[in-house]
Structures are given as structure tokens and as C-alpha cells.
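Below is one structure, written out as C-alpha cells; the observations come after it.
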Amino acid sequence: MPDQSFNSQNWPPQTPGGNNMPIGTGEGESPLATPPSPKIDLRTMASDMNSLKETGGGAPKAYVPEMPAAQPAPMPSSSFEPLKISNAETPASFPAAITPAKSKKGLFWGLVALIVVAGLGAAGYFFVYPTFFAGPKTAETTLPPTTEIPPPTQPEVQNPTPIPTPETPAAAPTIQNHVSLFKTAADTTADVTLATTDLTSLAAALPFATADVPILKEVVLRDAQNNILTLSQVINLFFAQDITNDVLNEFNPDLTTFVYTDNAGTWPGLILAPSQNANLTDLQTKLNQELEAGTHLTGLFLSNPGTAGTTWKTGSTNAVSNRYLTFSTVGFALNYGWVGQNLLISSSYNGFKEAINRLQ
1 MPDQSFNSQN WPPQTPGGNN MPIGTGEGES PLATPPSPKI DLRTMASDMN
51 SLKETGGGAP KAYVPEMPAA QPAPMPSSSF EPLKISNAET PASFPAAITP
101 AKSKKGLFWG LVALIVVAGL GAAGYFFVYP TFFAGPKTAE TTLPPTTEIP
151 PPTQPEVQNP TPIPTPETPA AAPTIQNHVS LFKTAADTTA DVTLATTDLT
201 SLAAALPFAT ADVPILKEVV LRDAQNNILT LSQVINLFFA QDITNDVLNE
251 FNPDLTTFVY TDNAGTWPGL ILAPSQNANL TDLQTKLNQE LEAGTHLTGL
301 FLSNPGTAGT TWKTGSTNAV SNRYLTFSTV GFALNYGWVG QNLLISSSYN
351 GFKEAINRLQ
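Going by UniProt numbering, the sequence shown opens with residue 1, and the numbers climb by one from there.
See below:
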């Protein structure tokens, strides 16, 4: 072991410049001695005046303040306790933490404040102001501007052919009050209502019967709604479509329907009056052709007449020319003729003669 004795006069060691150099310590150790204060010469006005008095006017001497005598440092102990450093305390030997520049923080927070102010202003303008100050809003629909397209130019046509306009069919005529065509009234008159407009309902309403004393009865046929049947309805009921509408339209819609009853049975008959504008000659020609060419000639009979003959024959009754067609059943014949301007059709020859007498 080297000699550890030392001279207290030579402690602490001197630096070449004359300054005392403190003895360093290890980590966690306390310094062994406090370095003496350096020798400082100070001149003051008071010191200069004292110097002049002492020296009798010589050059002033520097004032040397009295320094406390240096105390020898205590001998280091061979054992020492390490200094405990708390996390909450910062050693004096450590450098102070570097504080970031405040200019960058100020710029950041300034931008944040500007964004917040702008957001609050926008919210107040778009939400708060309309709620408390703006009036009720009316929904408006903005339509896109429309561009008018000029209509296409049609080439001019010389003498264009007019397009025919379809005619609206005329409403079916109705009969408010029936007017009989008999000049001499029938023996009796009756309204007959048909459940349906067909021969079955007709046979039920007008049963085939006999009478010892012949009787001519005028009947007014009505449908289920109590409407009087028109001429076209009655003709189509008895003859189906044998007579066309072109011919039927030349007659008045109101016709006279009758039944003649004798000891042989009950026989229906019809009387049709041409309209005022009808051409009687043409109408008679057309009617004769269509009736004699018909295939539904048995409909006017209330019982089965048998098979129709093939030839229409000509006769004369009470000075009225007539045409007739016989059937296979004896006593059944269809007769028609023009009494004045009126057309008379009967399913019985005796009924035909009685009707002529009441029409003349």
C-alpha cells in the first residue's frame, strides 16, 4: 500500500494557474472538501482614500478584503453510504430539461382556435339562425329548363283524302206509349211480360189454347224491366235474323202484335207500318225477298207446324193480294200481304182475314 499520509498545507492541490482544483467524486459520493475562495483584489473610492492617508500621497494600494481562514477538509471516511437519488428530484449535476420553443406551440393552438371559431360560426349560420329567425320554408321544386321542340314539318299534300270518322251507333229506340194500328179495335187488349226475350218465355206467356167463339186479342209485349219490345226485338224473336236491319229500319219501331184463337188453336200475327221517309215500292220488294228466303219461319207458331213447303203461293183475300207457305201439318200455313201501306203477317189464314177486316 502506498503511503497515504499527506501534508495539510499542500491540500488541496494547486493548479498551474494558482487556482484550487476541487477533487472529483465518484458516482453517488459527496465532495471531500470545499475549495477555498479565490483571492480577489478590489479597488474602491474608500480604499483609495485610505491608501493615500497611509502612504502619504503615494500610489494607492489595492484593497484586499479579509478572507476567512481556510479550514482543513475533514479526512475522508473509509466507509461511506451511497447517495439515494429520488425519481422526483433532479440532481444538480444534471442539465435542465430543454423547453420547446413556445412559438411552435402558439402557432398550433392558434390554428386550432381558428378552426373551432369557424366551425361554431358555420353551425350558428346554418342551424341556429334558421331555427330562431328565419320564417317557415316553403318547399320549392326547381324544374330543369325545358327546351321547346318545334313540331315536325309535314309535307303539304294536294287534295288530301279525308279520313272517315266512325259513326257513333244510334241509341236503341224506346217506346213510351203503344199506339194500335187497328182501325177497329181488337176484342181485348193485354200486356204480356216475358221473363226473357225468347220463344220459351213467349210460349209460357201465350199458351196454345182453343175457343169455340173466335177472338182476336191485341197484346203488348214487354221485357222483364217492363219496357215495350220494339219492332226489331219482336221480329228477331220470331224470325231470328231472316230480315236484315236495313229493312227493319224502314219501319216504325212501334208495331201491333195480336193472337187469334179459334177452335183450331191460338195463332200469333204482326202488323208493321213503314216510316214516313220509306220508299214503299223498294221496301216491299226487299221485304218479300228476305221473308220468303228465310230459314226460321216456324218461330211464329206456338206449336210445331211440321216441315215448311218449298214453294210460296199467291192468293187474294178480301181484295188483298197475299202470299202463303204451307207446312206438313194440316191447317198450318204462313200468310203475309200488304194492306194499304201496312205489312200483315199471320200464322193462320182465318186470323189473317180477321185482321184485314179490322185494318180497312
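No residue lacks a Cβ here, since even glycine has one placed at the ideal position from N, Cα and C.
| message | Since D242 and T311 should fall inside the 8 Å C-beta cutoff, what is the C-beta to C-beta distance between them, to a whole number of angstroms? | response | Locating residue 242 in the sequence shown gives position 242, counting from the first residue. Locating residue 311 in the sequence shown gives position 311, counting from the first residue. At roughly 18 Å, the Cβ-Cβ gap does not stay under 8 Å, so D242 and T311 are not in contact.
| task | With DSSP collapsed to three states, give me the class of I175. | result | The residue given as residue 175 occupies position 175 in the sequence shown. The answer is coil: DSSP assigns I175 none of H, G, I, E or B.
| query | DSSP beta-bridge partners for L343? | reply | Here residue 343 refers to the residue found at position 343 when the sequence shown is read from its first residue. L272, W338.
| message | Could you tell me the alpha carbon to alpha carbon distance between Q176 and A264, rounded to whole angstroms? | response | If you number the sequence shown from 1, residue 176 lands on position 176. If you number the sequence shown from 1, residue 264 lands on position 264. Cα-Cα distance, rounded: 35 Å.
| task | Let me know the alpha helix (DSSP H) ranges lying completely inside the region 214-255, each 4 residues or longer, listed in chain order. | result | 231-239, 245-248
| Backbone secondary structure at L325 - three-state DSSP | Start at 1 with the first residue of the sequence shown, and residue 325 comes out as number 325. Three-state result, L325: strand.
| query | If you draw a straight line from the alpha carbon of L248 to that of S275, how long is it in whole angstroms? | reply | In the sequence shown, counting from the first residue as 1, residue 248 sits at position 248. In the sequence shown, counting from the first residue as 1, residue 275 sits at position 275. Cα to Cα, the separation comes out at about 10 Å.
| How is the alpha helix (DSSP H) around D191 delimited, first residue to last? | Indexing the sequence shown from 1 puts residue 191 at position 191. Segment 188-193 is the beta strand (DSSP E) holding D191; no alpha helix (DSSP H) there.
| task | Report buried or exposed for A355, applying the criterion of at least 16 other Cβ atoms within 10 angstroms of its Cβ. | result | Within the sequence shown, residue 355 is the residue found at index 355, counting from 1. That one is buried.
| Inter-residue CB distance, L334 and A203 (contact presumed, cutoff 8 Å) | For this step, residue 334 is matched to residue 334 along the sequence shown. For this step, residue 203 is matched to residue 203 along the sequence shown. Contact flag wrong, Cβ pair sits at about 18 Å.
| message | Helix, strand or coil, according to DSSP, for W109 in the structure here? | response | As a working note, residue 109 is residue 109 in the sequence shown. Three-state DSSP puts W109 in a helix.
| said: Buried or exposed for N277, going by 16 or more other Cβ atoms inside 10 Å? | reply: Taking the first residue of the sequence shown as position 1, residue 277 is located at position 277. It counts as exposed.
| field | Coil, strand or helix - V117 by DSSP | value | Here the question's residue 117 lines up with position 117 in the sequence shown. In the structure shown, V117 sits in a helix (DSSP, three-state: H, G or I).
| said: Just to check my reading of the structure: V234 and L270 have Cβ atoms closer than 8 Å, yes? What is that Cβ distance to the nearest angstrom? | reply: Position 234 of the sequence shown, counted from the first residue, corresponds to residue 234. Position 270 of the sequence shown, counted from the first residue, corresponds to residue 270. At roughly 7 Å, the Cβ-Cβ gap stays under 8 Å, so V234 and L270 are in contact.
| Continuous beta strand (DSSP E) stretch holding K313: start and end | The residue given as residue 313 occupies position 313 in the sequence shown. First-last of the beta strand (DSSP E) with K313: 313-317.
| query | Is it buried or exposed for G337, if we count other Cβ within 10 angstroms and need 16 for buried? | reply | In the sequence shown, counting from the first residue as 1, residue 337 sits at position 337. So G337 counts as buried.
| field | Close Cβ partners of A195 (< 7 Å) along its chain, the five nearest in sequence each way excluded | value | Working through the sequence shown from its first residue, we reach residue 195 at position 195. Counting only Cβ-Cβ distances below 7 Å, and skipping sequence neighbours, we find S201, A224.
| query | Roughly how many angstroms separate the alpha carbons of N318 and T188, rounded to a whole number? | reply | Numbered from its first residue, the sequence shown carries residue 318 at position 318. Numbered from its first residue, the sequence shown carries residue 188 at position 188. Taking the straight line from one Cα to the other gives about 23 Å.
| message | I'd like to check one pair, P268 with K230: are the Cβ atoms closer than 7 Å? | response | In the sequence shown, residue 230 corresponds to position 230, counting from 1. In the sequence shown, residue 268 corresponds to position 268, counting from 1. This sequence places Thr at residue 230; Lys is not what is there. No.
| said: So, at 7 Å on beta carbons, what are the nonlocal neighbours of K353 in its own chain, with the 5 sequence-adjacent residues on each side left out? | reply: Counting from one through the sequence shown, the residue named residue 353 turns up at place 353. Excluding positions up to five away in sequence, the list reads T317, N318.
| task | Could you tell me the distance, in whole angstroms, from the CA atom of T298 to the CA atom of S328? | result | Locating residue 298 in the sequence shown gives position 298, counting from the first residue. Locating residue 328 in the sequence shown gives position 328, counting from the first residue. When rounded, the distance between both Cα atoms is 12 Å.
| message | Can you tell me whether D246 is buried or exposed? The criterion is at least 16 other CB atoms within 10 Å of its CB, across all chains shown. | response | Within the sequence shown, residue 246 is the residue found at index 246, counting from 1. Classification for D246: exposed.
| field | Classification of S348 by the beta-carbon crowding that lies within 10 angstroms, buried from 16 upward | value | Counted from its first residue, the sequence shown places residue 348 at position 348. It is buried - the Cβ of S348 has at least 16 other Cβ atoms within 10 Å.
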